[in-house]
Each structure stands twice: as C-alpha cells, then as structure tokens.
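>
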Amino acid sequence: MAAYNLKNVSSVHCGLFREISNETERVPPTKCPIPLISVDVNASLVHAVAQVEVTQVYVNKEEQPIEAIYFFPVNPEGAVTHFQAELEGRVIKGVVKAHEEAKEEYERAVRSQRTAFLGEETKADIFKIRVGFLKPGSQVKVIIGYVTQVKNEPGTNAIRFYIPTTVAPRYVSPSEKDDKAKEIGNMRFSDSSPARLTLKVVVSLQDKIKSIESPTHSIQVEKQGQIPGKQGWEKALVKLSGTTIDMDRDFVLNILPEQIHKPRLYSEKMADGSTAVMVHLIPSFKLDEQKTELIFVLDRSGSMNGQSIRLAKEALLLFLHSMPADCYFNVIGFGSSFSFLFPNSAKYDDGTLKIAVAHTKDLEADLGGTEILKPLKDIFEKPEIKGYLRQVFVLTDGQVSNTDGVIGLTQANAHKARVFALGIGNGASHHLVEGLAKAGGGTAAFVAYNESINNKVLNQLKNALQPSLTDIKLTWEGVELGLPTENRRIAVNKEKTLMGYNKPIEPVPESRIEYKQSPKQIPPIHDGSQLLVFGLFHRECPSGVVITALSPDGPLTIRLEHSDENDVGTSGMLHRLAALKLVRELELEISGLSYQGVDQVSQSEESKKNEIIEIACKNGITSKYTSFVAIDVEDETKQLLKNWGMETRYVPLQLAHRWYGGKCSLNSLSCASTTSALTKPYSFLLPLSLHQGDTANVPSQLVHFSHGGKPPHIPRRCASIEPLYAPLAPPFPTILTNFNAGEAHHLRSTPNAGNDLMFRSSPNVVPMPIDSLQGNNDTMISSTEADDDSGEDIGFGLFDDYDETKNETLDEDLEEESVLFRTSCQKLINLQCYDGSFALDDKLSDIIAIPLDKLNEDHQKHGLPEKVFATALAVAFFMNKLATEKDVWDLVVLKARKWLERNLAVDGHVEGVINIAACIVSERC
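Counting in numbering that gives the first Met the number 0, the sequence shown runs from 0 upward without gaps.
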C-alpha cells in the first residue's frame, strides 16, 4: 500500500486534488463576480406555435475587459430567429451567417478590442452566447428570440408548453472527440441560480380556456377574455407567483381548452405577398391490434438516481402488466455497460412476467455513465421474430452529448423497429427524447417529478400495439399548383426529333403556383399525437386542404377549410417555423448518413449542409451550421490598448432539480487540498478514462467504498490553477464498480519522491465545478478560467470523511418511498396473470374486502368457474371502486375482458357476468 505524505496539509478531505510543482506558487484562486445579473423570459403562445424572447443582462464589474460565455437551453423543436444587443444606448442587431464565417468575424472584432456577440447552437437544445470584450463598468442587454412548435399532451386535449431554464450535466463518451463535445465539457454548474429569473406567458387560443396549470411552478393566471377583433379567440396571462431565482427545471404549462380539439388551417400573409399555411391536426382513430415484440430500454446511469429511477420502475411495471397476452418482450438496462434480462426476447407468460417483475423491483441507477448507442445497436442487430413487429421503448433522462449519433442510428434502423421515448425528470433532454421518437417513427412523452406517469405510459403502449398511419399526402384547394418546388423534375423531350430531342420541355406556366411543403416527408401519424404541416406559397392562399393517410383498413381522409378567423397576423412566425422544419429534416438526414452505407457520404453531407445554410441564412434562423453574429461599430476607429487583456468568464448553470437523486449538492462535498490555504472547495474532476472502466491501474482504496449500496460520495479537486468544468459522467465511486478490464488504459501510476500515489491523466479530462454561486450581483466565480487540455499530473485524495449515518438515513427514506404496489389499484394489477385472468384466492379477497368463503359461495351460486368469477370481480372492482384511476388500469381491464370473451361459452355473456360481479363488489347482492 502506498504511503501518503500529509505533513504540509492541515485539513484533509476526500476527493481529487491537483499536484502543483514546487516551482509553482500555491495561491488560492481569485474570486470574480458572475457577469450575468438577470434573465427575463416573455413568451407568446398561439395554439400550436410560440415565440419566446429571452433578455439577459450582463455587467462587467472587473477592472479588465471580459468575455462572458453562457450556455442556456432552448426548445429543440424551435430555433433562434432574433438576436440583438443594447449597449450604451446603441442597438446592435445580429445577422445569421455560416458558423465558420460568423465565428471568424466575432474573433476578429474581439482582437480589435471591439465588443462583439456570437450566438450559436452547441446542440439543438443548447444555445451558446459569447459576449466578447465587454469593457470594465459596461452593462449590456442581450435579447434572444426563438420560435417553436407547441405540442399537445399525447392522448389528451391539453396543450403542453414548456420553457427550459437549465441543462443537466451530460455524459460524454471518450469516443467523442469533436468540438461540440468539448464545448459541453466546458459547461459550468452551480447549486444555485446564476441570476434572478422573471417569466411571463401570454396564451391565445381559438377557443375558451378551461384551465391553465403548472406541474413544476407556482403560477398566477389572469384570464383576459376575448381578444378584440378576433372572434372566438381568448387570451390569458400567466406569471410566476412571487419571486424566484431558481433556474433548475423546465417551466411547464398544461393548458386545457373548453372544447375538444378542432383541426384547423392557420395562415400568415406577409407584406411581400408570400403566405404560410399551417395544418394543425390531432388525429383520432383505432385500428386492429398488431402482434408485437416489446423491448424496454431503461436508463440506469447515475444521473437517474432517486426519483427518476423510481418513476422508471413504476412505468416499467405498468408496461409489463398492460402488455397483450400474445407478445414477446425483453428488458435492457444500460449505463457504462448494458445487459439484457433474456438473451433473446421471451414469450410473455406467467413465468417470464414474474421474472421481469422481480427484476424490476431490484433495479437501481448503478451502471455509471450513459452509453445508449451500444445497446441500441445490439437491439437493431438482433434477428426479427417472424410475425411480431418490434417496438422499442426508451426510458431515460437523456443526459448524453452524442445525441446526433443516437438519433442517426435510430433513423437508419427505422425500418426495423419503431422507437418510443419517455423523458423522465425535471431536466430530461428534449433533443434526445423527441429526436429518438421522430427518427424511430414513434411518439415522445415527458414526465416531471410532480406528474403522474401512468397515462403517458399507457398512451405510448396503445400506439405501439396498433399501426400508425403512413404515406400522408396533402391536396391543396383553391390554387392551381405545380409540383412542390423540392419535388419538381424537369421533363426531357424523348421524341426523336430535330426540334428539341433530349432537351428540357417548357417549364410550368406562370399561372401554376410553386409551393414548398414542410416537412417534405410527413412522419407517421399516431392516435392522439399532434400533426403540423406547413405549406409555403408565393402569392395566393389556399381555400382548403384534403389530408389522406394510408391505414391497413384503407385510406383515411379529412378536409379542412381555411377561414379568415384563422389568420395569425404578420409576425413571420409560421414562415420561420416552416423553414425550421426543413432545416431539422435535413439535419436528421445528415445524422443518419453514416449508418446507412450511403456511397459518397461526404458529398451528400456537404450538399445537405449547403442547403441548410442557404435556408437558414435566407430566413434568419440558427442551425447546426449557422450562427448569429453582432459587432459594435462604435469603437472601430479607436486606438488599441496593448496592455488591456481580456479574461474569459463562464456563467454557471444551476443543477437540475433532484439531479442525481438530489444527493449531489456541490456545496456539500468536501475537497482534498494540498495546502491549508486551499481549504475552500472549488471544483472536482473525473478523468474520461474512469468513465469506461479500467481497474487495472486504479488502487483498491478507490474501489472498496463504492460497494454496500451507500449514496456515492463524489471526489473533488481544488481549482488552484484550473478552470471550472462540467461533469460528463456520474460520480466515480459508482463507475468504478462497472469497469471492464482492458477496455481503457488512460491512467498509469507514477512514483514520486514523496511516495504519493500519483496518476497521469489522458488529455481527455472531465472535470466538474462545485462552488455554490449565489444568484446576485456579489456572486463570485473562480477567475482561473483558461481551458486545460494539457494532461498534467493529478492526484487522488483518498481520505473519506463523509457522514455515513446521514447516508444510511437517506437509504431508509428512499427504500420506504420505492415500495411498489402500495395502493389497492397497484396491488390488484399485480395479481393479474399474463393472459388477463385472475385467481380466486385470499389475496383478491383482501383487496376487494370480501371474505373468501363468501366469494366461494357466490361463484358456486351463479355457476361460474373460479377464474371467470375472479376475473369478473377484478374488472368490476376496477370500474366501480377505482374509476378515478382508469389511466392506470385501462389496458389491464381490456386484457381481462378479452380473456373473459375467450373463456365464456355464450357470446355476449361478458357484460352479464361483470354486472353480477359489480353487484357483489358493491354489496348489493
């Protein structure tokens, strides 16, 4: 065992520390004010679309110029369309350019000591702001506007609108070497909000507003009645109750209209005569059930700890009991590694159901990092089961950085399986969850910690058990159209004549209007899930549209008429959303290229990239390849000051509410310091090598305390000359138990003069910030902000001083909360056999509170077989005593009814038997 030299350390704590060379003066890091002082969000929602304006105020309270960098979340279904800064009375408007060009222009301006602004997508749901060369004492207001579509809560009439306020720490795989992954690695996090938040939403519906509720925040709702000049439209104003500085969860609104959904055709006509038309439809249909293979992919990474894994287990148990009798299924848990419950999907029966239920009860968030790509590949490569269509359900918080790769893989395999995704928790990644469902032809749903998961689970399962509608086509009325611009083919004259052989035939006459459809390929339609399609017309507005979709029972159609009441004004919102859908469609195609074996992939990618840049620049929207840039021209003639250097300041994000089960409080973790001057904790890091699992060079002292089921204690390091970084994997005591020897060998032991056990890190180091930074003007951050990719020596502080008694109490509380089947409804569901039947026994008797002897007398009295009688009793109890929990037992009762139909000799006798059972349950007989 290595010896540790502690003679110069007055305070020893557990964590990672940086070994500083003797030549380096050991000085505590300087503290600096966070430049961001306020965030104000104003949103306007119009049925299925919304515009959101985010105003951020930055102040430089330092004595030298700074560059402020802030990563903040946006809706991945939207894009930034407006970007401007207000500085010293001047308005500096941003312009969209190709990313490389915008970045070069920004950096050139900063080198010239001019204040500049760059806004770019790190991911579709993460927007990065750079405020460069903000002079001492300067205050600037940055205004970012984005448009987004707004979806209904699947299977309901409610509209679900959300505004993200934070990005949860994301896992980065060592295989990711691109700049975007590095940027995610540079995100900083804090226990508290970096600035105060104000928020306001104006809701406008073409209907009366029945209710507006928030499962995430306390709100005030002011109904403002009918909108003047807009017949049938009603408006309401929503504000946060009181004052909040927290930006640790999505702000979610559930808006319920008075009436059931009416499909509509909305329009927007601009001054140049162009018209954008939006089809808004929530389809409703029921098709015959199809035979399925159901595969449940459960995220068991460390970030799922606490309530997230409990919600996932609750969802999985409901899935397992609600599946049809004739199906195959499997369960996969993934983290740094992954495993299948069965080597291949198993036939659903009582035996496999019991195995799966027992397995689910024992599941924990104990598999380290979030490596979802490999298990998905394995699923897609498995042979199909003849006659059973594969349906994949992903239950995750989605906190990964390689979203493009995961979504691309799913899109390339969409012909093999449909993929449904359920995002869990207050910081679930909408980009990953929505992207998986869109690429896989399924649906997406999200559940916050204060919401019920049941209805979302059953809605997804119902859609998986029936076919979706495909081959959707739109026929516009009232305009004489040529082919959509993107689908046009130039006809060639094949007549062997001297007058034009093999030359293009005359183009479409001017009287025939060109138009664009967005998206070009309409995704499959699911029951209860919103469909938005845009048409872009140069001049006229269509009078209506006929929508046709293909089903196994033949084409299904609907005709919508346009009305002037459906005009949404001239804001350009529909035009930009139409352009955005085209851009996102192209980005999805690019993501899937590398998995599709396409010849000349680079050429195809370059072509699609150029098309994206053209559309985005023309319409003023950000994308994967375009950014906003704004330059202050006021100081361009002033002389440069050679001794005026610029310091970079990263604005920390607040950790998502209950991230890592609420156990990871950055302020509560201790830090190993190398001098008494560094007793205040600043940050901790995780080497990327630890994320993949290599125990060969990791001392046993690090491994032993990861066992025993205790909440993990997170190692820390002191930021003596290091930047604050974001965590890209779960805390390493958990990860160390999941190592696969030989998979990664980035660390090597290095003896030194003091016999301290030291390791050499790879250049890929994943640090995490830890200061608890208060959301006010006096909040301080470490000024040692330079990026560090040097791969210098680091040391492991192995001196664990955390309070195990507190952790044991936490374990007991969590164990108590995680007891499953605690309600009568859950207990009764757990009694159902795989085929839908129930047994007449004391367990059933206890739940329905009727003595077993009495039940035996009744089944003999009515001449019913025990199982038939018991199954009818269960159905009656669900329907009469547990009617308010229909969203939990709906498919369970459906399966029980089907069993009764198969096992009753007389057709139509099912209702009579259930009525007898209802009489007994209600104690009327």
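Where a beta carbon is used, it is the ideal one built from N, C-alpha and C, also for glycine.
Since the model is a prediction, treat every value here as computed from it, not as a measurement.
#1: So, at 6 Å on beta carbons, what are the nonlocal neighbours of VAL141 in its own chain, with the 5 sequence-adjacent residues on each side left out?
#2: Do MET303 and GLN653 have their CB atoms nearer than 8 Å?
#3: Taking 6 Å as the limit between beta carbons, can you name the residues of its chain near PRO554, skipping five residues before and five after?
#4: Can you tell me the Cα-Cα spacing of ALA916 and LYS229, whole angstroms?
#5: What's the call for SER174, buried or exposed, on a 16-neighbour Cβ count within 10 Å?
#6: Going by DSSP in three states, ALA235 sits in which element: helix, strand or coil?
#7: Could you tell me whether the Cβ atoms of PHE250 and THR215 are closer together than 8 Å?
#8: Measuring only the C-alpha atoms, how far is GLU613 from ALA157?
#9: Check the C-beta distance from LEU204 over to HIS46 and give it rounded, since I have them as a contact under 8 Å.
#10: Helix, strand or coil: how does DSSP classify TRP475 here?
#11: Secondary structure at VAL391, three-state DSSP: helix, strand or coil?
#12: So, with DSSP's three-state summary, where would you put TYR161?
#13: Give the secondary structure of VAL58 by DSSP, where H, G and I count as helix, E and B as strand, and everything else as coil.
#14: Taking DSSP as the reference, what is the three-state secondary structure of CYS326?
#15: With a cut-off of 8 Å on the beta carbons, I'd call PRO541 and GLY534 a contact; round off their distance for me.
#16: By the 10 Å Cβ neighbour count, where 16 or more other Cβ atoms means buried, how is HIS98 classified, buried or exposed?
#17: Going by Cα to Cα distance, which pick from ILE423, SER467 and GLU257 is closest to ALA416?
#18: Give the single residue among ASP177, LEU293 and ALA78 whose Cα lies nearest to the Cα of ALA925.
#19: Have a look at the DSSP bridge pairing and note the partners of TYR649.
#20: With a floor of 3 residues, list each beta strand (DSSP E) that falls wholly inside the stretch 529 to 600, ordered by position along the chain.
#21: Using only the alpha-carbon positions, how far apart do PRO153 and LYS134 sit?
#22: In the stretch 127 to 211, which residue ranges form an unbroken alpha helix (DSSP H) of at least 4 residues, counting only runs that do not cross its ends?
#23: In angstroms with no decimal places, state the Cα-to-Cα distance between ALA436 and PHE419.
#24: Would you kindly work out how many angstroms separate the C-alpha atoms of GLU383 and GLU288, rounded to a whole number?
#25: When you compare the stretch 29 to 41 with the stretch 81 to 96, are there three or more beta-carbon pairs, one atom per stretch, that lie closer than 8 Å?
#26: Could you tell me which of ARG901, VAL456 and GLU119 sits nearest to LEU319, measuring between CA atoms?
#27: How long is the line joining the alpha carbons of SER210 and LEU236, rounded to whole angstroms?
#28: Given GLY568, which residues of its chain have a CB within under 7 Å of its CB, disregarding the five upstream and five downstream residues?
#29: Short check: CB of HIS656 to CB of ARG248, under 8 Å?
#30: Determine, using beta-carbon pairs with one atom in the stretch 425 to 445 and one in the stretch 458 to 474, whether at least three such pairs fall under 8 Å.
#31: Count the other C-beta atoms from every protein chain shown that fall within 10 angstroms of the C-beta of TYR500, then say buried if there are 16 or more, exposed otherwise.
#32: Whose CA, out of GLU106, LEU830 and ILE371, lies closest to the CA of ALA629?
#33: Grouping DSSP H, G and I as helix and E and B as strand, with all else coil, what is ILE913?
#34: Looking at the structure shown, is ASN902 part of a helix, part of a strand, or coil, going by DSSP?
#35: Of all the options ASN74, THR402, VAL90 and VAL146, which has the alpha carbon lying nearest to the alpha carbon of THR165?
#36: Could you check what DSSP says for ALA345 in three-state terms: helix, strand or coil?
Well, looking at it:
#1: GLN55 and ALA84
#2: no
#3: Residues THR547 of the same chain have their beta carbon placed closer than 6 Å to that of PRO554, with the five preceding and five following residues left out of the count.
#4: C-alpha separation (whole angstroms): 53 Å.
#5: exposed
#6: strand
#7: Between PHE250 and THR215, the C-beta spacing is below 8 Å.
#8: 36 Å
#9: The Cβ separation is near 6 Å, so the contact holds.
#10: strand
#11: strand
#12: strand
#13: The DSSP-derived three-state label of VAL58 is strand.
#14: strand
#15: Indeed, because the Cβ distance is near 7 Å, the residues count as touching under 8 Å.
#16: buried
#17: SER467
#18: Outside the shown range of the chain (0 to 924) lies residue 925, about which nothing can therefore be said.
#19: ILE68
#20: Qualifying beta strand (DSSP E) stretches, in chain order: 530 to 536, 543 to 550 and 553 to 560.
#21: 49 Å
#22: 178 to 184
#23: Cα-Cα distance, rounded: 5 Å.
#24: 19 Å
#25: No contact exists between the stretch 29 to 41 and the stretch 81 to 96.
#26: Check the Cα spacing between LEU319 and each of ARG901, VAL456 and GLU119: the tightest is with VAL456.
#27: 12 Å
#28: GLU267
#29: yes
#30: Yes: at least three Cβ pairs fall under 8 Å.
#31: exposed
#32: GLU106
#33: helix
#34: helix
#35: ASN74
#36: strand
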